[in-house]
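Asks: In my numbering, the protein residues as written are 3 to 462.
All C-beta atoms, glycine included, are put in the ideal place defined by N, C-alpha and C.
From a predicted model like this one, the values you see are computed outputs, not experimental measurements.
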Ligand code: ATP
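#1: How about residue 76 and residue 185: do their beta carbons lie closer than 9 Å?
#2: Which residue marks the beginning of the alpha helix (DSSP H) containing residue 180, and which one marks its end?
#3: How about residue 432: is its Cβ closer than 8 Å to a heavy atom in the ligand ATP?
#4: Can you grab the Cα-Cα spacing for the pair residue 3 / residue 289, in whole Å?
#5: Sorry if obvious, but does the Cβ on residue 190 come closer than 8 Å to a heavy atom of the ligand ATP?
#6: Does DSSP put residue 442 in a helix, in a strand, or in coil?
#7: Using a Cβ-based criterion (distance less than 8 Å to any ligand heavy atom), does residue 84 qualify as near the ligand ATP?
#8: So, residue 331 versus residue 181, is the Cβ gap smaller than 9 Å?
#9: Report the three-state DSSP secondary structure of residue 279 (helix, strand or coil).
#10: Quick one: what's got a C-beta closer than 6 Å to residue 304's C-beta in the same chain, skipping five residues either side?
#11: Return yes when the C-beta of residue 338 is under 8 Å from any heavy atom of the ligand ATP, and no when it is not.
#12: For residue 435, name the three-state secondary structure that DSSP assigns.
#13: Taking C-beta to C-beta, are residue 153 and residue 209 nearer than 9 Å?
#14: Looking at residue 218: is its Cβ nearer than 9 Å to the Cβ of residue 340?
#15: Leaving aside the five residues before and after residue 96 along the sequence, list all residues of the same chain whose C-beta is less than 6 Å from its C-beta, in chain order.
#16: Starting from residue 254 and walking both ways along the alpha helix (DSSP H), at which residues does that stretch end?
#17: Near residue 118, which residues of its chain fall below 8 Å by C-beta distance, leaving aside the five closest residues on each side in sequence?
#18: For residue 259, does the three-state DSSP call read helix, strand or coil?
#19: In this structure, how does DSSP classify residue 100 when only helix, strand and coil are distinguished?
#20: I'd like the span of the alpha helix (DSSP H) that includes residue 53, first residue to last.
#21: Please name the residue or residues paired with residue 131 in a DSSP beta bridge.
#22: Compare the C-alpha of residue 405 against each of 398, 376 and 416 and name the closest.
#23: Check the DSSP bridge columns for residue 424 and list the partner residues they point to.
#24: Among the candidates 318, 392 and 437, whose CA atom is the shortest distance from the CA of residue 407?
#25: Taking C-alpha atoms, which residue in 416, 414 and 447 lies nearest to residue 428?
#26: For the alpha helix (DSSP H) that residue 113 lies in, which residues bound it at each end?
#27: Figure out for me which residue from 430, 432 and 187 has the closest Cα to the Cα of residue 72.
#28: Taking DSSP as the reference, what is the three-state secondary structure of residue 416?
#29: In its own chain, which residues sit with a C-beta less than 7 Å from the C-beta of residue 170, not counting the 5 before and 5 after it?
#30: Going by Cα to Cα distance, which pick from 175, 193 and 412 is closest to residue 205?
#31: Would you identify the three-state DSSP class for residue 40, choosing helix, strand or coil?
Printed below as a string of structure tokens:
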């Protein structure tokens, strides 16, 4: 579909998601809660499928990768060791006129239309740029800024009944530390030999100053992170391998390669040796979808230093002791969901001039793999029998309400790959009509062959 004009916009996606039970604004009946979103009945299925596909690819099918599910609340020393308490911050500026809060780097990026890279600037340089170029507030249009202050993105809470500083704990801002602190536990219990991987899927929280763009940047989100522990010297090879694997995963989900690109980081974190993102052409423009970083042995070394516990791996053949290097591959489940929806969304003008909205989701990601649609209510008994049988194999939905044409459209809008129509012939010869979402072609097959027919499309 590369040559076809894309019809997706963020507004259209938000509206479709709300109307079809994919994603609702968080706490909506109380007027919402800035940039929190709730997944509805269809959305939770799609998101679970995204997480399952990722886990299958990076844990189940990997020769030497293992999963963990670490606690969200971790000992505060973890965040001292990782550097988050001191340096996980954004440069914020407040508009003294309208009191809105902004990230200085975002102001510069928007003002220079992406030509100036604020990642390469110090806070002083950013402040100087904003003053020299008279960058005004995007909300009220005035030029009356406070200076830049750094703002830590971690959400704090306190443990126990007293609100004393020593009880301060944090909601984790990334899942990766759960993998690092369990490095020795996993290695010991699996007897894994380096190189091996530890993966985790779970919630992370960031007090983002400028959240937005639907589920692109939220204050609560899920990450899918994979740390590959390897020997120094092999790190460059594995960095390239993970770039390739991350790209291939997106290709296999059906992404158009014209909508993806690698972007090397211009400025590396002090511990990083190599770092790049895969960017996606989202409805609001090119932005980071996932990151791949060569983190050296920084994380494990810091945890060894702060915990006093060894993080050294002993090679069982050579007896050599060393702290492994880490290649990190990290992708947000919600951000991938936004990319998947943006990629799948289509408005097709049919031959009769009617426009149909359709989500061309990979069947493995679709919420329901099929919809069972009895042509008339008095066919319900047979339709229910077929529906119940299929439900044991994969998620299926059932719809009796409205004309068959309307029911097809509803399924197209949520990306159900197959519609199964039960008619009076079904009672006679046990055959059903199967309609393909993308081609809209229909075939007639025996109801007993349905599960096997559909399962062919669910391989990933
Ligand atoms: P960004 O530059 O967009 O803030 P980041 O470089 O801080 O992202 P990482 O810390 O590398 O992101 O996190 C890894 C991945 O987690 C990102 O590539 C993205 O997919 C996801 N992610 C990070 N922050 C958020 C957020 N606030 N909301 C949703 N997903 C996020």
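Replies: Concretely, from the data shown:
#1: As a working note, residue 76 is residue 74 in the chain shown. As a working note, residue 185 is residue 183 in the chain shown. Not a contact, by the Cβ cut-off of 9 Å.
#2: Numbered from its first residue, the chain shown carries residue 180 at position 178. Start and end: 178-183.
#3: Within the chain shown, numbered from 1, the residue matching residue 432 stands at position 430. False, no ligand heavy atom lies under 8 Å from that Cβ.
#4: As a position in the chain shown, residue 3 is number 1, starting the count at 1. As a position in the chain shown, residue 289 is number 287, starting the count at 1. Bear in mind that a pLDDT of 40 at residue 3, under 50, signals an unreliable position, so the number given afterwards is only what the model happens to contain. One C-alpha to the other measures close to 21 Å.
#5: As a first step, residue 190 must be located in the chain shown, where it is residue number 188. No, since every heavy atom of the ligand ATP falls outside the 8 Å radius drawn around the Cβ of residue 190.
#6: Here residue 442 refers to the residue found at position 440 when the chain shown is read from its first residue. If DSSP states are grouped into helix, strand and coil, residue 442 belongs with coil.
#7: Translated into the one-based positions of the chain shown, residue 84 becomes position 82. No, since every heavy atom of the ligand ATP falls outside the 8 Å radius drawn around the Cβ of residue 84.
#8: Translated into the one-based positions of the chain shown, residue 331 becomes position 329. Translated into the one-based positions of the chain shown, residue 181 becomes position 179. No, Cβ-Cβ distance for residue 331 and residue 181 is not below 9 Å.
#9: What you label residue 279 is simply residue 277 of the chain shown in a count that begins at 1. The answer is strand: DSSP assigns residue 279 an E or B state.
#10: If you number the chain shown from 1, residue 304 lands on position 302. Correct list, in chain order: 83.
#11: Here residue 338 refers to the residue found at position 336 of the chain shown. True, at least one ligand heavy atom lies under 8 Å from that Cβ.
#12: Residue numbering aside, residue 435 sits at position 433 when the chain shown is read from its first letter. The answer is strand: DSSP assigns residue 435 an E or B state.
#13: Here the question's residue 153 lines up with position 151 in the chain shown. Here the question's residue 209 lines up with position 207 in the chain shown. It is a contact, given that the beta carbons lie within the stated cut-off.
#14: Within the chain shown, the letter at position 216 stands for residue 218. Within the chain shown, the letter at position 338 stands for residue 340. Yes, the Cβ-Cβ distance between residue 218 and residue 340 is below 9 Å.
#15: Indexing the chain shown from 1 puts residue 96 at position 94. These residues qualify, in order along the chain: 103 and 148.
#16: Locating residue 254 in the chain shown gives position 252, counting from the first residue. Its alpha helix (DSSP H) spans residues 237-254.
#17: In the chain shown, residue 118 corresponds to position 116, counting from 1. Contacts found: 110, 111 and 131.
#18: For the purposes of this step, residue 259 is identified with residue 257 of the chain shown, where counting begins at 1. Helix.
#19: In the chain shown, residue 100 corresponds to position 98, counting from 1. Coil at residue 100, not helix or strand.
#20: Counting from one through the chain shown, the residue named residue 53 turns up at place 51. Note, residue 53: alpha helix (DSSP H), 43-57.
#21: In the chain shown, the residue the question calls residue 131 occupies position 129. According to DSSP, which records beta bridges pairwise, residue 131 is partnered with nothing at all.
#22: Sequence index remark: in the chain shown, residue 405 carries index 403 (1-based). Of 398, 376 and 416, the residue nearest in Cα terms is 376.
#23: Locating residue 424 in the chain shown gives position 422, where the first residue counts as 1. In DSSP, residue 424 forms a bridge with 376.
#24: As a working note, residue 407 is residue 405 in the chain shown. Minimum Cα distance to residue 407 is reached at 437.
#25: The residue labelled residue 428 in the question sits at position 426 within the chain shown. When only C-alpha atoms are compared, the closest one is 447.
#26: The count along the chain shown starts at 1 and reaches residue 113 at position 111. Here the alpha helix (DSSP H) through residue 113 covers 106-113.
#27: Here residue 72 is taken as the residue at index 70 of the chain shown, counted from 1. It is 187.
#28: Within the chain shown, residue 416 is the residue found at index 414, counting from 1. Here residue 416 sits in helix by DSSP.
#29: For the purposes of this step, residue 170 is taken as residue 168 along the chain shown, with counting starting at 1. Contacts found: 78, 158 and 160.
#30: For this step, residue 205 is matched to residue 203 along the chain shown. With distances taken between Cα atoms, residue 205 lies closest to 175.
#31: On the chain shown, residue 40 is found 38 positions in, with the first residue counted as 1. Looking at residue 40 - three-state DSSP - the assignment turns out to be strand.
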